[in-house]
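Visitor: The structure that follows is given in the form of structure tokens.
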Amino acid sequence: MRIANLSGRLVLITEEGTAVDVENASGAVFSADPQAVYARWAEFRAWAADADLPPGTTFDATDLGSPAPAPRQVLAIGLNYRDHASESGFTAPEGLPPVFTKFATSITGPVTDVVLPTGGHTDWEIELVAVIGAHAHHVDQADAWSHVAGLAVGQDLSERIVQLAGPAPQFSLGKSFPGFAPIGPWLVTPDGFEDPDDLELRTTINGEEVQKGRTRDLIFSVPALIAGLSAVLPLLPGDVIFTGTPAGVGLGRTPQRWLTTGDVLVSTIEGIGEIRQRFWSAQLSAE
Ligand code: ZN
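Throughout the sequence shown, residue numbering follows this note's numbering, covering 112 to 398 in sequence.
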């Protein structure tokens, strides 16, 4: 099953790729608010499995918002692929990898224009995003997938100068400029994949491939992250987890490379779809 946020309203995406408005189709049993559905996720799944849906309507991807637009917590994971830890100059973590947040104001839908922070070094990081569907506290790995509502494509856009400024790194600030957390194009439930633990991720800039990896190479898989994070704090319905990026970011290149005005970044995950960002300098976007 796929759900999406179409112009701020919760929709089901049909097999044909059209949208069915959930509030209308359910006779207002479920609200139009995309974030509200996660609090009643099991009930919603049961309804959607049997619902007699009206025909869907076509839509434009530019009208999609994040399938989880206002999570109470956003947890983001660093150095969770060996090849990316190595290109970043770190050894792979043994305990839980570094955890930071992307502040919720940075969340957007899947097709956006992003203003590059002036004087910054803005980098790309494709990431599998998991959205929590059931309160998770002290959850075992074996039981973790049942706490996930679904998966989406995310970009952990990162301004490296702010992120790496001393004396201690500022991961959360450097990764939270407006538009730095696009998520979408929709949420796919875990049963929608042959193997939700092995999905190909791919990033291109202006058509040139810059990142290609598989989620089976995550050091901490989605279930391992949920077990490790929920051992410390409760994960709440609708919370968002950015799970880390594979190699190929601009920081790890020789010479280093940063996003520049006019660049088009396309991030694709197998079985989900793609998100697309176009970048502008502050001066150009003001004209
Ligand atoms: Zn990241």
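We treat Cβ as the ideally placed atom computed from N, Cα and C, and that holds for glycine.
Below 8 Å, is the gap between the Cβ of I294 and the nearest heavy atom of ligand 1?
Guide: To locate residue 294, count along the sequence shown from 1; it is residue 183. Every heavy atom of ligand 1 is 8 Å or more from the Cβ of I294, so no.
Visitor: If you measure from each residue's Cβ to the nearest non-hydrogen atom of ligand 1, which ones come out under 5 Å, in chain order?
Guide: Ordered along the chain, the selected set is E236, D267 and T356.
Visitor: Answer yes or no: do L312 and G324 have a C-beta to C-beta separation smaller than 9 Å?
Guide: Along the sequence shown, read from residue 1 onward, the residue named residue 312 stands at position 201. Along the sequence shown, read from residue 1 onward, the residue named residue 324 stands at position 213. Yes, the Cβ-Cβ distance between L312 and G324 is below 9 Å.
Visitor: According to the neighbour-count rule (16 or more other Cβ atoms, all chains shown, within 10 Å of its Cβ), is G261 buried or exposed?
Guide: Locating residue 261 in the sequence shown gives position 150, where the first residue counts as 1. Buried, by the Cβ-count rule.
Visitor: Under the rule that 16 or more other beta-carbon atoms within 10 Å means buried, what is G119, buried or exposed?
Guide: Here residue 119 is taken as the residue at index 8 of the sequence shown, counted from 1. Its Cβ having fewer than 16 others within 10 Å, G119 is exposed.
Visitor: If S217 sits next to F288, beta carbons under 8 Å apart, how far is it from one beta carbon to the other, in whole angstroms?
Guide: Taking the sequence shown and counting its residues from 1, one reaches residue 217 at position 106. Taking the sequence shown and counting its residues from 1, one reaches residue 288 at position 177. Confirmed, Cβ separation roughly 6 Å.
Visitor: Go through its chain and collect everything with a Cβ distance to W391's Cβ below 8 Å, but skip five positions before and after it.
Guide: Counted from its first residue, the sequence shown places residue 391 at position 280. Correct list, in chain order: D224, V225, V226, L227, T372 and G373.
Visitor: Closest to G384 by C-alpha separation, out of T314, W256, A150 and G167, would be which residue?
Guide: In the sequence shown, counting from the first residue as 1, residue 384 sits at position 273. For G384, the nearest C-alpha among the options comes from T314.
Visitor: How big is the Cα-Cα spacing for V148 and E381?
Guide: As a first step, residue 148 is located in the sequence shown; it is residue number 37 there, counting from the start. As a first step, residue 381 is located in the sequence shown; it is residue number 270 there, counting from the start. Computed Cα separation, rounded: 25 Å.
Visitor: Would you mind working out which of P182, G230 and H195 sits nearest K213, comparing C-alpha positions?
Guide: If you number the sequence shown from 1, residue 213 lands on position 102. The option with the nearest alpha carbon to K213 is P182.
Visitor: Do you know how far the Cα of P178 is from the Cα of F141?
Guide: As a working mapping, residue 141 is identified with position 30 in the sequence shown. As a working mapping, residue 178 is identified with position 67 in the sequence shown. Near 15 Å, if we compare the C-alpha coordinates of P178 and F141.
Visitor: Any chance the stretch 356-375 sits against the stretch 290-299, with 3 or more Cβ pairs inside 8 Å?
Guide: Judged by Cβ distances under 8 Å, the stretch 356-375 makes no contact with the stretch 290-299, as fewer than three pairs qualify.
Visitor: Could you spell out the range, first to last residue, of the beta strand (DSSP E) harbouring W391?
Guide: Counting from 1 along the sequence shown, the entry for residue 391 is found at position 280. Here the beta strand (DSSP E) through W391 covers G384 to S392.
Visitor: Hey, quick one: how far does the beta strand (DSSP E) through L312 stretch, first residue to last?
Guide: Stepping through the sequence shown from its first residue, residue 312 is reached at position 201. Its beta strand (DSSP E) spans residues E311 to I316.
Visitor: With the cut-off set at 9 Å, would you say Q274 and G285 are in Cβ contact?
Guide: Position 163 of the sequence shown, counting from 1, holds the residue named residue 274. Position 174 of the sequence shown, counting from 1, holds the residue named residue 285. For Q274 and G285, yes; Cβs fall inside 9 Å.
Visitor: By the DSSP assignment, the alpha helix (DSSP H) with E134 in it spans what residues?
Guide: Stepping through the sequence shown from its first residue, residue 134 is reached at position 23. Element bounds for E134: V133 to A136.
Visitor: For S118, which of helix, strand or coil comes out of DSSP?
Guide: Here residue 118 refers to the residue found at position 7 of the sequence shown. It is coil, neither helix nor strand.
Visitor: Compare the C-alpha of L310 against each of T326, Q322, I114 and P301 and name the closest.
Guide: Sequence index remark: in the sequence shown, residue 310 carries index 199 (1-based). Comparing Cα positions, the closest option is T326.
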